[in-house]
Amino acid sequence: MNEKSSKTEDKISIIEQWFIVLFAFVFFGSVFNAATIYFFEPKNELFFTVASYLAGFLFGLLAKYKKWGWIV
175 MNEKSSKTED KISIIEQWFI VLFAFVFFGS VFNAATIYFF EPKNELFFTV ASYLAGFLFG
235 LLAKYKKWGW IV
């Protein structure tokens with residue numbers, strides 16, 4: 175019984191850690207995208223949209239590995 179609850183806790187911990195990456199991808203990616211479009215008015219919005227969401231994803235990975243819980 176104890177081994178089963180330990181495995182469940184491990185799975186929950188992994189999901190919580192990757193939630194930070196997902197949150198940063200969605201939230202910070204959209205913030206970066208909005209700021210880019212507002213300040214620069216790019217001609218090729220698709221490229222800047224992909225770049226903004228990629229920056230949000232990379233920020234999430236950085237937060238995951240540095241254990242920054244403050245971004246959530």
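The numbering used here puts the first residue of the sequence shown at 175, with every later residue one more than the last. Even glycine gets a Cβ: it sits at the ideal position worked out from N, Cα and C.
When DSSP labels each residue in this structure, what does residue i get in the three-state scheme?
i	result
W244	helix
K217	coil
Rounded to a whole number of angstroms, what is the C-alpha to C-alpha distance between residue i and residue j?
i	j	result
F233	S179	32 Å
A198	E190	13 Å
F213	S204	14 Å
Can you tell me where the alpha helix (DSSP H) holding residue i begins and where it ends?
i	result
F206	G203 to F214
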